[in-house]
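Read through the structure below, which is laid out as structure tokens, and then see the notes.
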Amino acid sequence: MKININLKLLIFLILVPLLIVGCAPEQVEQEEFLGVEEDLSIQEGLEDQVVVPYDLSTPEGLQQQLLEARAIEMRTIDNETVGMLQEMEEVTDFIERIFEITIRKEFDVEFDEGSVIGPINFYFDTHEDIFALLKENILYIEGYYFLVTPKEAAQIKQTFKNSGATGPITGE
């Protein structure tokens with residue numbers, strides 16, 4: 086019985102240091118073990134592809150950023166697609182047309198009178214999408230109020246209806 090206890094104690098004393106040495110930080114590079122180096126190289130590659138958005142504190146910066154949109158979609162207040170501008174020429178023409186409208190940076194109570202027509206979504210490949218709201222008397226985009234008339238608001242909606250594209254872009 087004494088030999089059996091001594092043998093168990095001896096095995097225990099041999100195994101404990103082996104387990105401790107086997108788990109020592111010098112033996113295993115934690116970064117390699119977790120794949121951190123691979124993740125860092127992937128992250129660096131993604132950072133190279135990200136385009137810094139334009140300065141949205143000026144209307145010119147907003148216009149330049151919107152001109153990079155790959156598509157513009159208008160929806161109803163019931164979240165149904167009115168239409169989508171996907172051709173680069175359509176996108177450019179639409180953005181240039183809205184920037185001919187009077188722009189204000191400050192909110193005025195008179196802007197709040199018209200009813201909502203629907204949201205307009207600007208989709209990009211290189212940065213976050215931008216969302217706008219069209220009302221009967223304003224088009225609100227990223228802190229700017231484009232003062233539209235009810236006739237201009239109806240023309241904007243008609244532009245999307247005439248586009249022919251009726252659904253979101255998938256798989257890109």
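Under my numbering, the residues of the sequence shown are numbered 86 to 257, in order.
C-beta atoms are modelled at their ideal positions from N, C-alpha and C, and glycine is treated no differently.
Cβ atoms of Phe179 and Ile157 come within 8 Å of each other, at about 6 Å.
Taking one beta carbon from each stretch, the region 141 to 156 and the region 233 to 242 have fewer than 3 pairs nearer than 8 Å; the two do not touch. Straight-line measurement puts the Cα of Tyr139 at about 29 Å from the Cα of Asn164. Rounded to whole angstroms, the gap between the alpha carbons of Met159 and Gly199 is 18 Å. If you compare the alpha carbons of Asn222, Glu227, Ile188 with that of Asn206, the shortest gap goes to Glu227. Residue nearest to Thr166 within the set Glu237, Ile202, Tyr229, His212 is Ile202 (criterion: CA-CA distance). With fewer than 16 other beta carbons inside 10 angstroms of its own, Glu145 counts as exposed.
Judged by DSSP secondary structure, Ile162 falls outside any beta strand (DSSP E); it is assigned neither H nor E. Taking 8 Å as the cut-off, the Cβ atoms of Tyr230 and Phe192 count as close. Cβ atoms of Ser248 and Met169 come within 8 Å of each other, at about 6 Å. Beta-bridge analysis with DSSP links Gly146 to no other residue. Fully contained in the region 209 to 255 are the following beta strand (DSSP E) runs of length 3 or more, in chain order: 215 to 220, 223 to 226, 229 to 232. For Arg182, the enclosing alpha helix (DSSP H) stretches over residues 173 to 183. Of all alpha-carbon atoms in Arg155, Ala217, Tyr225, the one lying nearest the alpha-carbon of Thr177 is that of Arg155.
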